[in-house]
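Colleague: Quick one: the structure is below, and I'll ask about it shortly.
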Amino acid sequence: MVIYYCIIKGSPGTSACFLVPMATGMSLTLCLLAMKRRRPRRANFVLWSRIDQKSCFKCMLAAGLIPIPIELVTDTSNDQLCSNLNALEIALKNPAKYLLDHWPDAAQAYNVDDKSIENSTSDDIVCIFTTTNCFAPRVPDKLHAITKLCIKYGVSHLINNAYGVQSPRCMRMIESAGKLIIEHNLNTSSKFG
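Per this note's numbering, the sequence shown starts with residue 34, numbered consecutively.
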């Protein structure tokens, strides 16, 4: 029944789902813990396209990870807050340096210093954490463009769609991002197959 609902709400590629009897924060914590197990042992950062919602922040802390908030940018043409793709790419290249440069108090709390930034790469990142539906003036993150960055740097993409399942637009955005990953995986496997 859940799969059918996802299909009719804009995600026709849905073929499986995992339903958990938990609220948003605990569900996201479970996802983050599963993603961490698939990354190199040293991965402990989450690049978080900031949303002012406590459960998003607390789930990263509950999973024992280090959140790196990526501030949004203002679209001056319509006064909306949008994904900061430039900042995400800078943080993907050296997450420890980004944390130290932009959030020095947090860096100090997590013992991130000048020495730790020397070897910091995308291997230190568990995922990029984005959001679809949220409160104005913030608009949904640019999932398609962010997924391209995730593919480029070999990092997972976790999408918080807690309030977006009822929105065909949000579901289509996720479907589109998923198609990018499937296409990438097919192209990669055909090169080695």
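We put the beta carbon where it would ideally sit given N, CA and C, even for glycine.
Please read all numbers here as calculations on a predicted model, not as lab measurements.
#1: Take the Cβ of serine 48 as the centre, count every other Cβ of all protein chains shown within 10 Å, and call the residue buried at 16 or more, exposed below.
#2: Give me the Cα-Cα distance between tryptophan 136 and serine 82, rounded to the nearest whole angstrom.
#3: Kindly confirm or deny that the region 108-115 and the region 62-77 touch, where touching means at least three C-beta pairs closer than 8 Å.
#4: For the beta strand (DSSP E) containing phenylalanine 51, list its first residue and its last residue.
#5: For phenylalanine 162, does the three-state DSSP call read helix, strand or coil?
#6: At which residues does the alpha helix (DSSP H) containing serine 88 begin and terminate?
#7: DSSP on aspartate 174, reduced to helix/strand/coil?
#8: Can you say whether histidine 190 is buried or exposed, counting buried as having 16 or more other CB atoms within 10 angstroms of its CB?
#9: Determine the direct distance from the alpha carbon of serine 200 to that of serine 104, and round the result to whole angstroms.
Modeller: On the basis of the data shown:
#1: Taking the first residue of the sequence shown as position 1, residue 48 is located at position 15. Classification for serine 48: exposed.
#2: Along the sequence shown, one-based indexing puts residue 136 at 103. Along the sequence shown, one-based indexing puts residue 82 at 49. Roughly 14 Å separates the two Cα atoms.
#3: no
#4: By 1-based counting over the sequence shown, the position of residue 51 is 18. It is not in any beta strand (DSSP E) - phenylalanine 51 carries neither H nor E in the DSSP assignment.
#5: Along the sequence shown, one-based indexing puts residue 162 at 129. The answer is strand: DSSP assigns phenylalanine 162 an E or B state.
#6: For the purposes of this step, residue 88 is taken as residue 55 along the sequence shown, with counting starting at 1. It spans 87-95 - the alpha helix (DSSP H) in which serine 88 sits, taken as one unbroken run.
#7: Here residue 174 corresponds to residue number 141 of the sequence shown, with the count starting at 1. Aspartate 174 falls in the coil class under three-state DSSP.
#8: Translated into the one-based positions of the sequence shown, residue 190 becomes position 157. Counting Cβ neighbours within 10 Å, histidine 190 comes out buried, since at least 16 surround it.
#9: Taking the sequence shown and counting its residues from 1, the one referred to as residue 104 is at position 71. Taking the sequence shown and counting its residues from 1, the one referred to as residue 200 is at position 167. Note that residue 104 is glutamate in the sequence shown here, rather than serine. So the alpha carbons of these two residues sit roughly 25 Å apart.
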